[in-house]
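Novice: Numbering (the working numbering), first residue to last: 25 to 151.
#1: Please classify residue 52: does DSSP put it in a helix, a strand, or coil?
#2: Would residue 91 and residue 53 qualify as a contact pair, given that the criterion is a beta-carbon distance under 8 Å?
#3: Ignore the nearest five residues each way along the sequence and tell me which others in residue 36's own chain have a CB closer than 8 Å to its CB.
#4: Take residue 32 as the anchor and find which of 106, 57, 93 has the nearest alpha-carbon.
#5: Straight-line CA distance for residue 134 to residue 68?
#6: Quick check on residue 124: does DSSP put it in helix, strand or coil?
#7: Can you look up residue 107 in the DSSP assignment and give me helix, strand or coil?
#8: Looking only at DSSP bridge pairs, what is residue 33 linked to?
#9: If you pair each beta-carbon of the region 42-50 with each one of the region 72-87, do three or more pairs fall below 8 Å?
#10: Give a yes or no on whether the C-beta atoms belonging to residue 136 and residue 38 are separated by under 8 Å.
#11: Buried or exposed: which applies to residue 127, given that a residue is buried once 16 or more other Cβ atoms fall within 10 Å of its Cβ?
#12: How would you write the range of the beta strand (DSSP E) that residue 44 sits in, first residue to last?
#13: Using three-state DSSP, classify residue 62 as helix, strand or coil.
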């Protein structure tokens with residue numbers, strides 16, 4: 025059986041631009057792409073923390089160190105500058121690979137500069 029698993033995520037990035045009339049995609053600071061392992065033109069899922077919108081597009085490389093997160097084209101209706109988003113990429117692996125696989129988790133500050141990375145999330149405690 026093949027499983028879709030989280031490959032990488034950039035957690036709680038701040039949208040810097042929403043360009044409705046750009047060709048589409050999401051421009052992401054090239055440094056964050058490299059750290060996360062998300063490739064240019066790779067399909068990504070974006071989850072908007074502010075308004076609950078969830079959409080699929082593809083990554084394009086933004087200027088390294090710029091902090092840019094630009095949601096472009098029709099997706100610009102789903103996010104505004106200042107919104108917090110979670111950007112995820114997924115991969116396919118078999119059950120044996122999935123049992124030992126760990127995603128790359130990238131955490132950023134409010135300017136989209138790296139604060140730290142991890143390869144697992146703590147267990148969620150019951151309230």
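All residues carry an ideal CB built from backbone N, CA and C; glycine is no exception.
Remember, it's a predicted structure, so these values are computed and weren't measured experimentally.
Specialist: Judging by the given coordinates:
#1: For this step, residue 52 is matched to residue 28 along the chain shown. In this structure, residue 52 counts as strand in the three-state DSSP scheme.
#2: As a working note, residue 91 is residue 67 in the chain shown. As a working note, residue 53 is residue 29 in the chain shown. Taking 8 Å as the Cβ cut-off, residue 91 and residue 53 qualify as a contacting pair.
#3: Along the chain shown, one-based indexing puts residue 36 at 12. Within the same chain, Cβ atoms closer than 8 Å to the Cβ of residue 36 are found at 73, 108, 109, 110, 131, 132, the five residues on either side in sequence being excluded.
#4: To locate residue 32, count along the chain shown from 1; it is residue 8. For residue 32, the closest C-alpha among the options 106, 57, 93 is that of 57.
#5: Within the chain shown, the letter at position 110 stands for residue 134. Within the chain shown, the letter at position 44 stands for residue 68. If I take the Cα positions, the gap works out to 21 Å.
#6: The count along the chain shown starts at 1 and reaches residue 124 at position 100. In the three-state reduction of the DSSP assignment, residue 124 falls in the helix class.
#7: The count along the chain shown starts at 1 and reaches residue 107 at position 83. Assignment of residue 107 by DSSP, reduced to helix, strand and coil, places it in the coil class.
#8: Here residue 33 refers to the residue found at position 9 when the chain shown is read from its first residue. The bridge partners DSSP lists for residue 33 are 112, 129.
#9: Judged by Cβ distances under 8 Å, the region 42-50 makes contact with the region 72-87, as three or more pairs qualify.
#10: Within the chain shown, numbered from 1, the residue matching residue 136 stands at position 112. Within the chain shown, numbered from 1, the residue matching residue 38 stands at position 14. Using a Cβ distance threshold of 8 Å, residue 136 and residue 38 count as a contacting pair.
#11: The residue you call residue 127 lines up with position 103 of the chain shown. The residue in question, residue 127, is buried, as its Cβ has 16 or more Cβ neighbours within 10 Å.
#12: Numbered from 1 along the chain shown, position 20 holds the residue referred to as residue 44. For residue 44, there is no enclosing beta strand (DSSP E), as DSSP marks it with neither H nor E.
#13: For this step, residue 62 is matched to residue 38 along the chain shown. Looking at residue 62 - three-state DSSP - the assignment turns out to be coil, as it is neither helix nor strand.
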